[in-house]
Amino acid sequence: RKEVEQDPGPFNVPEGATVAFNCTYSNSASQSFFWYRQDCRKEPKLLMSVYSSGNEDGRFTAQLNRASQYISLLIRDSKLSDSATYLCVVNYNAGNMLTFGGGTRLMVKP
Amino acid sequence: EAQVTQNPRYLITVTGKKLTVTCSQNMNHEYMSWYRQDPGLGLRQIYYSMNVEVTDKGDVPEGYKVSRKEKRNFPLILESPSPNQTSLYFCASSLPGTNNEQFFGPGTRLTVL
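Listed in order, the protein sequences are those of chains A and B.
Heads up, the first sequence is in our numbering, so the first residue is 85 and it goes up one at a time.
Heads up, the second sequence is in our numbering, so the first residue is 58 and it goes up one at a time.
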């Protein structure tokens, strides 16, 4: 079983749609959580951190459920420019070792 | 401009020919790491370094070496590359601590024939 699991997609949605991704992690000692965005084999870039209380950044909302060990990302009013792969990332030790999910590919169509 | 640079960006080589991929960051970050990304397997950590002269194995260290003689540089060395090391490699750096953003380099696409 992978430590961080995501549905690889692709999720094909029309512009303006709301789309949600989930990610599950296996290590209950995980300490911090992130969503990174990766465009077409370019480098990953931080989209947002995920806090226990949930957090929002514009059209993006991230939630963490520690009891069920999953993280979610909600994108409202999808734009063409949101098309990318979204990586769920977990840090489960005191250092900076990150464990990446395989990514969920989103394609927003006109 | 704050950035992580990698060289070369693309490399085609043959089995057994030693190579080095350089990584440099200008953000004075203590932490640096190397990942490889393969289809269906995601990003996997090869080696990481918490500071100068401090390195440790990640999840897939076999066939790789690293060194951290200076804070800004963290080269990845393949002493005897093999075809299963064909991959997309990313270097990353960050400040210490579990909640800090990792900044990635642009990637190095390596093909070993």
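Just so you know, even glycine gets a beta-carbon here, dropped at the ideal spot from N, CA and C.
Bear in mind that the values here come from a model prediction, so they are computed numbers and not experimental data.
Please classify residue i as buried or exposed, where buried requires at least 16 neighbouring CB atoms within 10 angstroms.
| i | result |
| --- | --- |
| residue 194 of chain A | exposed |
| residue 137 of chain A | exposed |
| residue 175 of chain A | buried |
| residue 122 of chain A | buried |
| residue 127 of chain B | exposed |
| residue 159 of chain B | buried |
| residue 150 of chain B | buried |
| residue 166 of chain A | buried |
| residue 132 of chain A | buried |
| residue 80 of chain B | buried |
| residue 107 of chain A | buried |
| residue 69 of chain B | exposed |
| residue 135 of chain A | exposed |
| residue 123 of chain B | buried |
| residue 71 of chain B | exposed |
Between residue i and residue j, what straight-line distance do the alpha-carbon atoms span, to the nearest angstrom?
| i | j | result |
| --- | --- | --- |
| residue 142 of chain B | residue 163 of chain A | 36 Å |
| residue 73 of chain B | residue 170 of chain B | 10 Å |
| residue 78 of chain B | residue 114 of chain B | 17 Å |
| residue 97 of chain B | residue 172 of chain A | 14 Å |
| residue 92 of chain B | residue 129 of chain B | 17 Å |
| residue 113 of chain A | residue 184 of chain A | 16 Å |
| residue 66 of chain B | residue 169 of chain A | 21 Å |
| residue 181 of chain A | residue 105 of chain B | 8 Å |
| residue 88 of chain B | residue 108 of chain B | 6 Å |
| residue 64 of chain B | residue 89 of chain A | 31 Å |
| residue 125 of chain B | residue 140 of chain A | 38 Å |
| residue 168 of chain B | residue 105 of chain A | 33 Å |
Given that residue i touches chain D, what residues does it touch there, using C-beta distances under 9 Å?
| i | result |
| --- | --- |
| residue 115 of chain A | Going by chain labels, chain D is absent from the structure shown, which instead holds the protein chains A and B. |
Could you give the DSSP three-state label for residue i: helix, strand or coil?
| i | result |
| --- | --- |
| residue 139 of chain B | coil |
| residue 148 of chain A | strand |
| residue 95 of chain B | strand |
| residue 152 of chain B | coil |
| residue 116 of chain B | coil |
| residue 161 of chain A | coil |
| residue 91 of chain A | coil |
| residue 166 of chain A | helix |
| residue 141 of chain A | strand |
| residue 83 of chain B | coil |
| residue 116 of chain A | strand |
Indicate whether residue i and residue j have their beta-carbon atoms separated by less than 8 Å.
| i | j | result |
| --- | --- | --- |
| residue 90 of chain B | residue 82 of chain B | no |
| residue 120 of chain A | residue 126 of chain A | no |
| residue 147 of chain B | residue 76 of chain B | no |
| residue 166 of chain B | residue 145 of chain B | yes |
| residue 87 of chain A | residue 116 of chain A | no |
Subject >> Given 8 Å, three or more beta-carbon pairs between the region 153-161 of chain B and the region 124-138 of chain B >> reply: With a cut-off of 8 Å, the region 124-138 of chain B and the region 153-161 of chain B do not count as touching, because too few Cβ pairs lie within range.
Original post:
Are the region 154-163 of chain A and the region 101-113 of chain A touching by the rule of at least three beta carbon pairs closer than 8 Å?
Top reply: Output reads yes: the region 101-113 of chain A touches the region 154-163 of chain A.
Original post:
Touch check for the region 89-96 of chain A and the region 182-194 of chain A: three-plus C-beta pairs under 8 Å?
Top reply: Short answer: they touch.
Original post:
On the three-pair Cβ rule with 8 Å, is the region 143-155 of chain A touching the region 59-71 of chain B?
Top reply: The region 143-155 of chain A, when compared against the region 59-71 of chain B, does not touch it at the 8 Å Cβ threshold.
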